[in-house]
Every structure is written in structure tokens, then in C-alpha cells.
Ligand code: NDP
Ligand code: HSE
């Protein structure tokens, strides 16, 4: 089996190292030896350390390598939309199997890849694209195909989980925690894709597509990052027996007209400390799947890093090589359900709202009236004297309100009206709450 490897960075170099170290075992598992036909990179002169590979295998001609007659499998670990999309579409149409870790491309234009795979009768595998080393996509696309998945809730970005865990552990603000993440090599020089939630949103789109047999793209995902999460929010969460996580949530439900649909979102949320995802710390990932017959399932492990991600890439390489030798291909994309994606306003969420208020008669009634006008039911309300709550600077008292589940649009409109209410001096913290209801 001849492999074209596109990319030799954090992930690609580990793929090459593992191919070398485990060559005998991989050959035995596949039933044929694996050979590297070529490695496409951007800079031929880059120092690649002691990578166990002949220097003449490196090329900057990715197009030529992909088109080469003697390539069976293309492994893409470059990233980005173009030129990766062109390479992979060409490879698949030519009947070559593709293994990719490129979540951005799959979420942006997975349809182009799946269509090309169907045209060429080729395999398209991408286990490494979501949650790195964790075997997650194969269970969704194979093991759970006899079941019906209702909800997927996950921590799928290691960088932001590290930052939020650090804020929770030390009381640090976002900027300080980001600095630590950068120093330790978790956050990239430009951390935008991680901290603004783009990376998690791409993964959410891929998970939702597999879980609900529906094409969901990055543009369908409601996305909020963690840059607005403050030390006061973290302290408020702690006071409630909760912690804050950047969650990806894909859920089945019904739209306004009662038709089955899905909602897919990424945003920070408070979760109770007893929630299965609350103890996922550091840069780890975890995904909680709720299926009708199987019940709750939890997947946990390293979501990033060269070796961890290479493990998932090589698992896919073994699978596609076995398929080629057996003359079969994996089942095509399953998008038959074709469910509509609900707008965020229709997603059912709960809010935790901390208000700085004057401590005088009628304030609580005025605040409660706003919730009632928007048909939002209050689950708990707690008044604390100013200074006893992290959020209560400059107020007579702090009102901490947690709602029952309501459409997100109604909750957002409630908060908007509270901002203009005389009795409310300021809104100290607004966070969604997940779990526990
Ligand atoms: P890196 O930036 O470390 O490596 C990218 C590689 O692609 C480099 O070898 C680079 O060449 C090469 N490259 C870039 N542009 C071109 C081009 N135009 N033609 C040929 N080669 C090119 O990325 P990572 O290894 O971190 O990520 C690779 C993929 O894996 C991405 O899709 C990423 O999202 C995904 N992924 C990464 C994870 C991680 O932990 N890093 C985890 C899960 C998925 P050169 O070496 O010459 O610069
Ligand atoms: N930047 C990503 C993360 C890498 O922090 O999780 C893995 O996809």
C-alpha cells in the first residue's frame, strides 16, 4: 500500500514516526506492507529533526504526488480549506482512499469530499478531525447505527478547556490564563480559532452530521467563544456549585411548527460539578452521547497533540488499506434524514443571571415581571447582600436568578429588557446553564 502524506508538521511528523516504528505490526494487521510514496510540505529546507525517512521523499509538488499512479492512499495533515480541498477531491475522484484530520475543511465543505468519494468509489476517513485520539467518529458512524442519538454534548477544544480550567483553579482572568496556555504551548501564536470557538464549531458540525444523518456545516452552528468569560463569571459559577466549560451541543428536537429538527451550538456554559463533563480538566476532551437504546455514553481522552492525533490517523490508514485489499469501501456518507437546523433562538436553554440591584421594596417583583412577560419561568432566585457575591460591586444587593428551560430568544429578550429596568443597576453576569434539568 503506497501512501502520499500531505503535511509534515505537528501531526504529519508523528504519523511518519509511527509508520516507521510500527511498520511490521501495521503490515501484519493490514496484510500488506505500507510504503511512503512521498511527503508534500511547504518548505523543503525546514529542519525536520531525526525523522526516520529518506530526504528525497519530500516534495513541494502536492498536486503531482496526489496524481501519481502508484499512490493508493492520501493522508492529508496540512489543514485549511484550499489547496487541501482540491487535492482531496482529485484523489477521491481518482479512486484513492483519503484519510484527513482537516476539521475546518470537513465542516466548510464536507459535501464536496463526500460527493467526490461517492463518484470515485473511494473511502473518506477522518477520525482525527474531532477530539484527536479519542475513538468517537467510528462509534458514531458504525457502532451506533442501530440506535437513535438524541444529543451529543462535548468539550472538543483542548486549548479553551485548559484556559477555563486554569481560571477555575486559580481565579485568574481570561488574558492571564491565555498567556499561561501560550507559554505551555497549548495555544497557538494566533489563538483566534480556539478562543473564539471556530475550532469547536467545526467539530460540532461534523459530530451533528454523523449523529443525526444530516449534512450540517460550520455556518449552521451557533458559535460563541470564551473571550468574554470573566473571573467574576467563574466565581459566580463556583458559588452555584458549578464550573464553566466551552460546550459543543448538538440536540434533536422539534421546530416551531412541530417538525423534527436539530440545533447545533458552541458556547460557554455553567455545568453542575456532578455533571460527567465537569471533571474534564487541563487540555483533555470528552464527549457525552445520549442514545435512545444505549443510554448515556462517555468518550474521554487527548483531543490534540502530534502523537495522540497520529494514533487516530493511523487507525484510519489501517482501515482504508484493509478495505482496498478486500476490494470494498466503507458505507457512504449517511445524510438521509436531512433534518432542518433550528436557529439559535429556538434552542432550548437555561440562563443564570446575576443582577446588581437596589435593596428596596418592589425590586424583586419588577425583575420577576420581566421574566413573566417573556414567558420564562424562574427556577431559583437568591438575594445576597452586596460584597458577599463576586458580582456585587457597587450594589445594595445581588439577585442571582436561574431559569427553567426556555427558547434562547425569550431568554435573550428577558436580559435585554432587564438592562433597561430602573431597579437594575447593572447585569453582572449572564451565562447559559446546561445539565441538571
Ligand atoms: P502544522 O502547521 O504543524 O503542519 C502543517 C504541515 O502542512 C507542515 O508540514 C507544512 O509544511 C505543510 N503545508 C502547509 N501548507 C502547505 C502547502 N501549501 N503545500 C504542502 N504542504 C503544506 O499543522 P498540524 O500538524 O498541527 O495540523 C495538521 C492538521 O491536523 C490540521 O487540519 C489540523 O486542524 C489537524 N489537527 C491537528 C491537531 C493538533 O493537535 N495539532 C489535532 C487534531 C487535528 P512545512 O513543514 O514545510 O511548513
Ligand atoms: N487547537 C485544537 C485544540 C487542536 O486546542 O483542541 C485539536 O483539534
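Residue numbers (this note's numbering): 297 to 733.
Think of the CB as a built atom: it goes at the ideal place given N, C-alpha and C, for glycine as much as any other residue.
Three-way DSSP call (helix, strand, coil) for residue i in this model
| i | result |
| --- | --- |
| residue 570 | coil |
| residue 650 | strand |
| residue 706 | helix |
| residue 617 | helix |
| residue 681 | strand |
| residue 559 | strand |
| residue 598 | strand |
| residue 299 | strand |
| residue 701 | coil |
| residue 304 | coil |
| residue 629 | coil |
| residue 741 | Shown here, the chain extends from 297 to 733; a query on residue 741 therefore has no answer. |
| residue 696 | strand |
| residue 719 | coil |
| residue 552 | coil |
| residue 622 | helix |
| residue 675 | strand |
| residue 732 | coil |
Residues near residue i by beta carbon distance below 6 Å, same chain, minus five either side
| i | result |
| --- | --- |
| residue 545 | 449, 561 |
| residue 589 | 443 |
| residue 628 | 414 |
| residue 713 | 666 |
| residue 406 | none |
| residue 412 | 385, 388, 389 |
| residue 321 | none |
| residue 598 | 428, 429, 604 |
| residue 576 | 451, 582 |
Beta-ladder partner(s) of residue i, from DSSP
| i | result |
| --- | --- |
| residue 726 | 649 |
| residue 639 | None; residue 639 has no bridge partner. |
| residue 564 | 542 |
| residue 585 | 448, 593 |
| residue 644 | 703 |
Contacts around residue i, its chain only, beta-carbon distance under 7 Å, and the 5 residues preceding and following it disregarded
| i | result |
| --- | --- |
| residue 635 | 508, 510, 556, 557, 558 |
| residue 432 | 426, 583, 595 |
| residue 689 | For residue 689, the pLDDT reaches just 48, beneath the cut-off of 50, and the residue's location in the model is therefore unreliable, leaving the point undetermined. |
| residue 390 | 416 |
| residue 601 | 428 |
| residue 323 | 329, 330 |
| residue 344 | 304, 309 |
| residue 537 | 568, 569 |
| residue 606 | 307, 310, 311, 314 |
| residue 632 | 509 |
8 Å Cβ shell around residue i - same chain, five flanking residues per side excluded
| i | result |
| --- | --- |
| residue 612 | 395, 421, 422, 423, 424 |
| residue 725 | 526, 528, 529, 532, 648, 649, 650, 687 |
| residue 347 | 304, 309, 312, 313 |
| residue 572 | 582, 584, 592, 594 |
| residue 654 | 691, 692, 693, 719, 721 |
| residue 468 | 462, 476, 527 |
| residue 723 | 649, 650, 651, 652, 711, 714, 715 |
| residue 487 | 455, 474, 477, 478 |
Beta-carbon proximity of residue i to residue j, cut-off 9 Å
| i | j | result |
| --- | --- | --- |
| residue 520 | residue 549 | no |
| residue 665 | residue 703 | no |
| residue 454 | residue 580 | yes |
| residue 446 | residue 547 | yes |
| residue 379 | residue 397 | no |
| residue 541 | residue 674 | no |
| residue 483 | residue 501 | no |
| residue 677 | residue 717 | no |
| residue 616 | residue 364 | no |
| residue 458 | residue 473 | yes |
| residue 326 | residue 349 | no |
| residue 315 | residue 383 | no |
| residue 361 | residue 377 | no |
| residue 539 | residue 460 | yes |
| residue 565 | residue 730 | yes |
| residue 680 | residue 659 | no |
| residue 370 | residue 300 | yes |
| residue 644 | residue 701 | yes |
| residue 333 | residue 381 | no |
| residue 504 | residue 491 | no |
| residue 656 | residue 498 | no |
Residue ranges of each alpha helix (DSSP H) within the region 323-411, 4 or longer: 358-363, 380-389
Completely contained alpha helix (DSSP H) runs for the region 398-485, where each covers 4 or more residues: 399-416, 454-466, 470-479
Secondary structure, beta strand (DSSP E): runs of 3+ residues fully inside the region 471-550: 538-550
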